[in-house]
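Single-structure report; data block below.
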Amino acid sequence: MEMIEFEHPVARDFVTRLRRKNAPPVQFRAYANRLAYLLAVEATRDLCTVPAQVETPLEKTLGEVLVDPPIIVPILRAGLGMLEAFQDLLPDSQVAFIGMTRNEETAEPVWHYSSIPNVSGKKVIVLDPMLATGGTAAAVLEYLFEKKASEVILVSVVAAPEGIARLGEFDNLTVITVCVDRELDSNWYIRPGLGDFGDRLYSDGI
Ligand code: URA
Numbered sequence: 001m002e003m004i005e006f007e008h009p010v011a012r013d014f015v016t017r018l019r020r021k022n023a024p025p026v027q028f029r030a031y032a033n034r035l036a037y038l039l040a041v042e043a044t045r046d047l048c049t050v051p052a053q054v055e056t057p058l059e060k061t062l063g064e065v066l067v068d069p070p071i072i073v074p075i076l077r078a079g080l081g082m083l084e085a086f087q088d089l090l091p092d093s094q095v096a097f098i099g100m101t102r103n104e105e106t107a108e109p110v111w112h113y114s115s116i117p118n119v120s121g122k123k124v125i126v127l128d129p130m131l132a133t134g135g136t137a138a139a140v141l142e143y144l145f146e147k148k149a150s151e152v153i154l155v156s157v158v159a160a161p162e163g164i165a166r167l168g169e170f171d172n173l174t175v176i177t178v179c180v181d182r183e184l185d186s187n188w189y190i191r192p193g194l195g196d197f198g199d200r201l202y203s204d205g206i
């Protein structure tokens, strides 16, 4: 696993805005979306292009176009808060969904829903903003690598050391995050964290 802590002052500012407990969902969604654009630029840095002819108003020239766009997989619900930005940057990408919750007593992931196309030989970008225990992420990665995905980039906003350690065993995996926080608490929330990302996006709870 390769770990990238995304170093950018605007990203750190946005995460601070997301952490504020009084930020209402409308504001939380706006900053999650803006932050996702920055992370999408980082996550797509190594995509391949091929030369392509293009005619400008003045002459023909050679440009470049993306090939083999990655499949984008937001983990429901929280990952939806980052999807629009990734789709905007990768308009030809397929989007597939995985719905997971965690069992609140054991923190083990419970798989509710998936719509995954053939990922064999494909690069996959997984959107999972809060990397906590890493249980959900590990279950998704095991599935994707079993189905022969060539490479996975997992994009998060805040990660706990425990989650990062859990994913250390995976090859062909890059984890991108903005902040590595201190720890998980006894309810498996990231501290200091920002609360429940899905709730912050779609309701007013933490
Ligand atoms: N998921 C969240 O949304 N927040 C946490 O702190 C941990 C997991």
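Quick note on this note's numbering: the sequence shown kicks off at 1 and runs consecutively.
Ideal placement from N, C-alpha and C gives every residue a C-beta, glycine not left out.
>> At the level of alpha carbons, what is the spacing between arginine 29 and glutamate 59?
In response: As a working mapping, residue 29 is identified with position 29 in the sequence shown. As a working mapping, residue 59 is identified with position 59 in the sequence shown. Rounded to whole angstroms, the separation of the alpha carbons of glutamate 59 and arginine 29 is 42 Å.
> Do the segment 117-133 and the segment 154-169 touch if we need at least three Cβ pairs shorter than 8 Å?
Replying inline: Judged by Cβ distances under 8 Å, the segment 117-133 makes contact with the segment 154-169, as three or more pairs qualify.
> Near ligand 1, which residues have their beta-carbon closer than 5 Å to a heavy atom?
Replying inline: Cβ atoms closer than 5 Å to ligand 1 belong to Met130, Ala132, Tyr189, Ile190, Gly193, Asp196 and Phe197.
> Helix, strand or coil: how does DSSP classify isoleucine 190 here?
Replying inline: Residue 190 sits at position 190 when you count from the first residue of the sequence shown. In the three-state reduction of the DSSP assignment, isoleucine 190 falls in the strand class, which pools E and B.
> Nearest to glutamine 87 by alpha carbon, out of Arg191, Arg34, Asp13 and Lys147?
Replying inline: Taking the sequence shown and counting its residues from 1, one reaches residue 87 at position 87. Selection Arg191, Arg34, Asp13 and Lys147 evaluated against glutamine 87 yields Arg34 as nearest (Cα-Cα).
> Beta carbon of arginine 184, beta carbon of methionine 1: below 8 Å?
Replying inline: Position 184 of the sequence shown holds residue 184. Position 1 of the sequence shown holds residue 1. A small correction: the amino acid at residue 184 is leucine; arginine does not occupy that position in the sequence shown. Going by C-beta atoms, leucine 184 is not nearer than 8 Å to methionine 1.
> Going straight from the alpha carbon of aspartate 46 to that of tyrosine 113, what length do you get?
Replying inline: Counted from its first residue, the sequence shown places residue 46 at position 46. Counted from its first residue, the sequence shown places residue 113 at position 113. Taking the straight line joining both Cα atoms gives about 30 Å.
>> Helix, strand or coil for glutamine 94? Go by DSSP, reduced to three states.
In response: Mapped onto the sequence shown, residue 94 falls at position 94. Collapsing the DSSP output to three states places glutamine 94 in coil.
>> Just to confirm, is the Cβ distance from threonine 177 to leucine 131 under 8 Å?
In response: Stepping through the sequence shown from its first residue, residue 177 is reached at position 177. Stepping through the sequence shown from its first residue, residue 131 is reached at position 131. Closer than 8 Å, so yes.
> Is glycine 195 helix, strand or coil by DSSP?
Replying inline: On the sequence shown, position 195 is the one that residue 195 refers to. DSSP places glycine 195 outside both helix and strand once states are collapsed to three, so it counts as coil.
>> Helix, strand or coil, according to DSSP, for threonine 49 in the structure here?
In response: Counted from its first residue, the sequence shown places residue 49 at position 49. The DSSP-derived three-state label of threonine 49 is strand.
> Can glutamate 64 and proline 51 be called in contact, C-beta distance under 8 Å?
Replying inline: Numbered from 1 along the sequence shown, position 64 holds the residue referred to as residue 64. Numbered from 1 along the sequence shown, position 51 holds the residue referred to as residue 51. It is a contact, given that the beta carbons lie within the stated cut-off.
> For the beta strand (DSSP E) that glutamate 151 lies in, which residues bound it at each end?
Replying inline: Along the sequence shown, one-based indexing puts residue 151 at 151. In the DSSP annotation of this structure, the continuous segment of the beta strand (DSSP E) that includes glutamate 151 starts and ends at 151-155.
> Nearest CA to the CA of alanine 159: which residue from Asp171, Ala137 and Lys148?
Replying inline: Position 159 of the sequence shown holds residue 159. Of the candidates Asp171, Ala137 and Lys148, the one whose C-alpha sits nearest the C-alpha of alanine 159 is Ala137.
>> Strictly under 8 Å for the Cβ-Cβ distance: is phenylalanine 86 near chain C by that measure?
In response: Among the chains of the structure shown, chain C does not appear; only one protein chain is present.
> What's the gap between the Cα of proline 161 and the Cα of alanine 40?
Replying inline: Taking the first residue of the sequence shown as position 1, residue 161 is located at position 161. Taking the first residue of the sequence shown as position 1, residue 40 is located at position 40. Cα to Cα, the separation comes out at about 22 Å.
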